[in-house]
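Notes for the one structure printed next.
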Amino acid sequence: MKKLVSLFLSLCLVFSFMMGCGKKENVYEGFIKKLVDPETYKSIAKIEDYKENPGAFDKAYGESYEKAFEGYLNKEGIDSLMKPFIASIFEEVMQYKDINGVKDIKISDVKKDDKSDYDYVSCNVTYVYTTNSGETIDMKESFAFHINKKDKIIQNVWIDKDNSSIMKLASTIKR
């Protein structure tokens, strides 16, 4: 009986160790997956919902982005996503191009540079959008991030606009 209990405890210990050693996703990986996912934009405030009080829209819009990217971006990170309109371009493409899904997200060519207060990370991302009509659209982006060392939260986001599939797709939208 003693050997059985000992074996059981040993197996529990090994199993616990194996569960704890699983690959933990980096904050930038989770953020990228969230940014390119059409589901993210379903929770973002829409201007048509604020026709009676358009002044409230700006606040609700910002707050909905903060909530959507909570745990990935701090205040500066949200600003770096919103001010150059990176997030709204993704949102607009989802809407006008009838995007309903994303698959095959691959993050490659990750480069990290250790700075005093933050880590600089750059990477390439490929993914495939699917539309309501069944079409697939191959996408490629290059991102860079400043990740705060203290809280491991993104404090700045950049996208290479010159080589960005999302920017090229956005430029084809007839408004």
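Under mature numbering (1 follows the signal peptide of the UniProt record, and there is no 0), residues -20 to -1, 1 to 155 are what the sequence shown spells out, in order. C-beta: ideal position from N, C-alpha, C; glycine also.
Length-filtered (3 minimum) beta strand (DSSP E) runs lying within the segment 106 to 134: Unbroken beta strand (DSSP E) stretches of 3 residues or longer found wholly inside the segment 106 to 134: 116 to 128, given in chain order.
Are the CB atoms of residue 7 and residue 230 within a distance shorter than 8 Å? Since the displayed the chain opens at -20 and closes at 155, residue 230 lies outside it and no answer follows.
By alpha-carbon positions, which one of 52, 49, 32, 26 ends up nearest to residue 40? Out of 52, 49, 32, 26, 26 has the C-alpha closest to the C-alpha of residue 40.
Pick from 88, 77, 130 that is closest to residue 98, judged by C-alpha positions: That would be 130, whose Cα lies nearest to the Cα of residue 98.
From the DSSP output, in three-state form, read off residue 100 for me. DSSP places residue 100 in strand when its eight states are reduced to three.
Please work out which residues of its chain come closer than 8 Å, Cβ to Cβ, to residue 54, disregarding the five sequence neighbours upstream and downstream, and give them in chain order. Hits under 8 Å: 128, 131, 133, 134, 135.
Euclidean distance between Cα positions of residue 114 and residue 22: Their backbone Cα atoms lie some 20 Å apart in a straight line.
Shortest alpha-carbon distance to residue 91 belongs to which of 102, 81, 83? Distance from the Cα of residue 91 is smallest, within the candidate group 102, 81, 83, for 102.
Under three-state DSSP, which class holds residue 154? When secondary structure is reduced to three states using DSSP, residue 154 falls in the coil class, being assigned neither helix nor strand.
Taking residue 139 and residue 123 to be in contact with their CB atoms under 8 Å, please state how far apart those CB atoms are, rounded to whole angstroms. With a Cβ gap of about 6 Å, residue 139 and residue 123 count as contacting.
Looking at residue 150: is its Cβ nearer than 8 Å to the Cβ of residue 69? Yes; because the gap between Cβ atoms is below 8 Å, this pair is in contact.
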